[in-house]
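Heads up: the structure comes next, in structure tokens.
Numbering (this note's numbering), first residue to last: 39 to 317.
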């Protein structure tokens with residue numbers, strides 16, 4: 039749990055990494071500091087199959103809220119490049135479309151995300167970008183998301199588990215999986231919808247998770263929540279240097295409790311059976 043008895047968000051993790059809540063930073067001050075660094079933030083988005091329909095709202099809401107005034111480069115992975123909407127981008131915001139094969143299983147799309155992220159960093163981002171975020175497309179921005187989120191390695195607390203004891207976390211519990219975490223371990227449950235950090239650190243995360251996923255696949259094992267399970271295993275032993283409170287990753291299905299003062303980014307309501315290629 040990372041809320042105190044008075045309902046306010048606790049600002050530090052047990053290993054003293056900051057947890058970003060409204061009121062823990064001065065956006066004007068922090069923007070002025072980072073502006074001097076001339077940073078570029080790459081942002082990968084996976085919009086395969088019917089998920090392409092969410093891209094327009096994602097991009098339009100991002101342009102109103104996401105690193106406004108900073109260099110941003112979106113990389114859109116899709117099997118339907120011709121369906122990528124024409125969205126007016128702000129100054130110093132750019133977009134590149136990367137065509138990838140379609141898949142009949144949403145689990146495979148999820149599993150391939152780490153590999154594609156690793157390959158993109160290796161081939162392009164390592165020389166062009168300072169930070170990279172990988173964000174889910176089936177979500178919208180509702181409020182400011184800026185440089186307060188930047189850090190060496192950044193994880194987002196899962197909106198459904200941030201007040202739960204570790205025994206209730208949906209970690210992979212089978213010892214034969216590389217993603218295995220016993221009930222006695224774990225600090226938080228992180229959601230795979232938001233991953234970020236310095237390019238070299240996200241590269242190491244993506245590479246390690248991809249390797250662990252391949253070991254599991256060679257044994258015909260698929261972790262309970264695919265790459266999210268491996269992400270949680272990675273964060274268990276490679277602690278994030280900054281944690282994003284559920285303000286930065288909410289769920290439209292969930293009512294807003296007292297400690298959430300603002301919702302900045304939230305997963306939208308959708309019919310999974312309709313948008314996913316398989317159950």
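Note that the Cβ used here is the ideal one computed from N, Cα and C, for glycine as well.
Rounded to the nearest whole angstrom, the CA to CA distance from residue 241 to residue 173 is 15 Å. In the assembly as shown, residue 61 is an exposed residue. Its beta-carbon has fewer than 16 other beta-carbons within 10 Å. Per DSSP, reduced to three states, the secondary structure at residue 71 is helical. Take residue 130, set aside five residues on each side of it, and the residues of its chain with a beta-carbon closer than 6 Å to its own are 109, in chain order. The shortest CA-to-CA distance from residue 113 to any of 67, 257 and 162 is the one to 162. In its chain, beyond the 5 residues on either side, 60, 181 and 285 have a beta carbon closer than 6 Å to the beta carbon of residue 300. When beta bridges are read from the DSSP output, residue 172 appears opposite 82 and 233. In this model, residue 263 and residue 251 are separated by some 11 Å (Cα to Cα).
The C-beta distance from residue 210 to residue 261 rounds to 4 Å, short enough to fall under 8 Å.
Rounded to whole angstroms, the gap between the alpha carbons of residue 282 and residue 183 is 11 Å.
Taking residue 214 as the centre and dropping the five residues before and after it, the same chain places the C-beta of 257 and 259 closer than 8 Å to its C-beta, in chain order. Following the DSSP letters along the chain, one finds residue 111 inside the beta strand (DSSP E) bounded by residues 109 to 116. Residue 246 has no beta-bridge partner at all, per DSSP. A direct Cα-to-Cα measurement between residue 49 and residue 120 gives close to 44 Å. Closest in alpha carbon position to residue 222, among 235, 229, 205 and 231, is 205.
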